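Participant: Residue numbers (the numbering used here): 2 to 374. Cβ atoms here follow ideal geometry from the backbone N, Cα and C, with glycine treated the same way. Predicted model, so just to flag it, every value in this text is computed and none were measured. One structure follows; several queries about it will come next.
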Amino acid sequence: MTTSSTTPSRWRALTHHHLFWPVAVLVLLLLVNVPFTPDFFSVRMADGHLYGSLVSIVLFGSPLILVAVGMTLVIATGGIDLSVGAVVAITGALACSYISDQADQGALSGVLLAMGLGLLAAVVCGLWNGFLVARMGIQPIIATLIIMVAGRGVAQLITDGQIITINSEPYKLIGGGYWLTLPFSIFVVAAVVAVTVVLTRRTALGLLVEAVGGNAEASRLVGIRSRRIKIMVYAFCALCAGIAGLMISSNTSAADGNNAGLWIELDAILAVVIGGTSLLGGRFSVGGTVVGALVIQTLTTTIYTIGVPTQTNLVFKAAVVIVVCLLQSPKFRAKVFGAKFAAGFAARGRAGQAAAPAESAATAESTAKMEVS
């Protein structure tokens, strides 16, 4: 009797988890590939490296995961960053341009300096975006649109409108090399995600970001310097985009100022939305964003696998996003699965909302004393 009663409750708790539907869609997309590629889930070892469709999805989805993680914190503050694609192009262009001018392109010191220059330029772009949004009061979509448009021109100026090709083994490691049998980019992504989770979930930083996104005026009144929080998250978002730019240019051993990172900002926003983070700001989920990015990359792989023309790629992406967003909507689930199902979800949501004010009040009190910025 106890087992029969606890099983439905566990199932309800599982389906009400914010990652349930994104993960369900991801699993469904993976299974769709099996009839077209019977060995889709197989992973083989060749020349000391692991190969397979699953490895390729994570490998090619690594730049998107990086950009989407940075975008998550920006959106959590109630903002948006449309300039990440241009930052990807600028970073790759600077790094490859510097390496191509070196007599020895394989020199580790030259590669590290090129990477440093690229990442420094990315952070400067992020600080500029944060300054316009936080200090000048310009709406995020307008402020970041400036670098989105001008950044492509800057990347083209750096490369003289040409595709710069390089031949550097140390630089190739970032996006196209292997370490411990796995693509090195997977370790880079894992490190960035781990650091982000630790900083936002093991310290007060995550609650401060959510407080600024939930109610910027209230957070200001309790002593949180929201302007500095916003500048910081825009700089972090640009840094993530810069690492993605190094990864993309490294994987191709070339810098294309016109096409590198093109429209990646849209995929990043879709990944954040699929992961369950609201575009209105407030609560966010880094894990959900990672799942959302994998959904988008798996969808792209599925389109190629089943032979659908690439021109319809965006249509399929839009369809998947609509399905996931509808499944995450309590009203839609109430109409499709019944009012009882939605009532349980709503009750759980009200319980979470009731606990939130106490948590926010405790955090606000401590941050007011510290004058956290």
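1) Can you tell which of M248, L300, S286 and S54 has the C-alpha that lies nearest to the C-alpha of C97?
2) Quick check: the segment 72 to 82 against the segment 266 to 280, are there 3 or more CB pairs under 8 angstroms?
3) What is the DSSP secondary structure of I225, reduced to helix, strand or coil?
4) Return helix, strand or coil for T204, following the three-state DSSP convention.
5) Report whether the distance from the Cβ of L158 to the nearest heavy atom of the ligand GDP is below 7 angstroms.
6) Evaluate the contact criterion for the segment 307 to 325 versus the segment 41 to 50: three or more CB pairs, one atom per stretch, below 8 angstroms.
7) For I232, would you say it is in contact with chain D, using Cβ-to-Cβ distances shorter than 8 angstroms as the test?
8) Please report the residue range of the beta strand (DSSP E) in which L51 lies.
9) For the beta strand (DSSP E) containing R45, name the first residue and the last one.
10) According to the neighbour-count rule (16 or more other Cβ atoms, all chains shown, within 10 Å of its Cβ), is G86 buried or exposed?
11) Among all the DSSP beta bridges, which residues are the ones paired with T166?
12) Excluding the five sequence neighbours on either side, which residues of its own chain have a C-beta within less than 7 angstroms of the C-beta of L27, listed in chain order?
13) Exposed or buried, which one is N130 when buried takes at least 16 other CB atoms within 10 Å?
14) By DSSP, does W180 sit in helix, in strand, or in coil?
15) Go through its chain and collect everything with a Cβ distance to I139's Cβ below 6 angstroms, but skip five positions before and after it.
16) What does a CB cutoff of less than 8 angstroms around L60 pick up in its chain, not counting 5 residues either side in sequence?
17) Tell me whether R153 is buried or exposed, calling it buried when 16 or more other Cβ atoms sit within 10 Å of its Cβ.
18) Can you tell me which of D102, N260 and L327 puts its alpha carbon nearest to the alpha carbon of V274?
19) Specify, as a first and last residue, the run of the alpha helix (DSSP H) that D157 falls within.
20) For G262 versus V125, is the C-beta spacing smaller than 8 angstroms?
21) Can you list, in chain order, the residues of its chain whose CB lies under 7 angstroms from that of A144, leaving out five sequence neighbours each side?
22) Quick check on S57: buried or exposed, where buried means 16 or more other Cβ atoms within 10 Å of its Cβ?
23) On the CB-based measure, 16 or more other CB atoms within 10 Å of its CB, does K231 come out buried or exposed?
24) Classify A256 as buried or exposed, calling it buried when 16 or more other Cβ atoms lie within 10 Å of its own Cβ.
25) Among N252, A77, A123 and I304, which one has its Cα closest to the Cα of V210?
26) Measure the C-alpha to C-alpha separation of T290 and G119 and round it to an integer number of angstroms.
27) Go to D268, then tell me how far its alpha helix (DSSP H) extends in each direction, as first and last residue.
28) Determine the contact status of G283 and G215, defining contact as a CB-CB distance below 8 angstroms.
29) Entirely within the segment 74 to 108 and at least 4 residues each: give me those alpha helix (DSSP H) ranges in chain order.
Facilitator: From the atom records:
1) Your numbering for residue 97 matches position 96 in the sequence shown. Of M248, L300, S286 and S54, the residue nearest in Cα terms is M248.
2) yes
3) Along the sequence shown, read from residue 1 onward, the residue named residue 225 stands at position 224. Note: I225 maps to coil in three-state DSSP.
4) Counting from one through the sequence shown, the residue named residue 204 turns up at place 203. Looking at T204 - three-state DSSP - the assignment turns out to be coil, as it is neither helix nor strand.
5) Annotation note on the ligand GDP: not contained in the displayed structure, which lists no ligands.
6) no
7) Of the protein chains in the structure, only one exists, and it is not chain D.
8) As a position in the sequence shown, residue 51 is number 50, starting the count at 1. It spans H50 to Y52 - the beta strand (DSSP E) in which L51 sits, taken as one unbroken run.
9) The residue you call residue 45 lines up with position 44 of the sequence shown. Its beta strand (DSSP E) spans residues R45 to A47.
10) For this step, residue 86 is matched to residue 85 along the sequence shown. So G86 ends up on the buried side.
11) Against the sequence shown, residue 166 aligns to sequence position 165. DSSP output for T166 lists A255 as bridge partner(s).
12) As a position in the sequence shown, residue 27 is number 26, starting the count at 1. Excluding sequence neighbours, L27 sits near V292, L295, V296 and T299.
13) Your numbering for residue 130 matches position 129 in the sequence shown. It counts as buried.
14) Locating residue 180 in the sequence shown gives position 179, counting from the first residue. W180 falls in the strand class under three-state DSSP.
15) Position 138 of the sequence shown holds residue 139. Closer than 6 angstroms at the Cβ level, and outside the excluded window around I139, lie L133.
16) Translated into positions along the sequence shown, residue 60 becomes position 59. Cβ within range, chain order: P184, S186 and I187.
17) Looking up residue 153 in the sequence shown gives position 152. By the 10 Å Cβ count, R153 comes out buried.
18) As a working note, residue 274 is residue 273 in the sequence shown. Nearest C-alpha to V274: L327.
19) As a working note, residue 157 is residue 156 in the sequence shown. It should be noted that the sequence gives Gln, not Asp, for residue 157. Segment P141 to T160, the alpha helix (DSSP H) holding Q157.
20) Here residue 262 corresponds to residue number 261 of the sequence shown, with the count starting at 1. Here residue 125 corresponds to residue number 124 of the sequence shown, with the count starting at 1. Taking 8 angstroms as the Cβ cut-off, G262 and V125 do not qualify as a contacting pair.
21) Counted from its first residue, the sequence shown places residue 144 at position 143. Contacts found: N130, L133 and V134.
22) Counted from its first residue, the sequence shown places residue 57 at position 56. Looking at its Cβ environment, which holds fewer than 16 other Cβ atoms inside 10 Å, S57 is exposed.
23) As a first step, residue 231 is located in the sequence shown; it is residue number 230 there, counting from the start. Burial call: buried.
24) For this step, residue 256 is matched to residue 255 along the sequence shown. By the 10 Å Cβ count, A256 comes out buried.
25) By one-based count along the sequence shown, residue 210 stands at place 209. Residue A77 is the option with its Cα nearest to V210.
26) In the sequence shown, the residue the question calls residue 290 occupies position 289. In the sequence shown, the residue the question calls residue 119 occupies position 118. About 25 angstroms.
27) Here the question's residue 268 lines up with position 267 in the sequence shown. Per DSSP, D268 belongs to the alpha helix (DSSP H) from I265 to I275.
28) Residue numbering aside, residue 283 sits at position 282 when the sequence shown is read from its first letter. Residue numbering aside, residue 215 sits at position 214 when the sequence shown is read from its first letter. In this structure, G215 lies closer than 8 angstroms to G283 by Cβ.
29) 85 to 101
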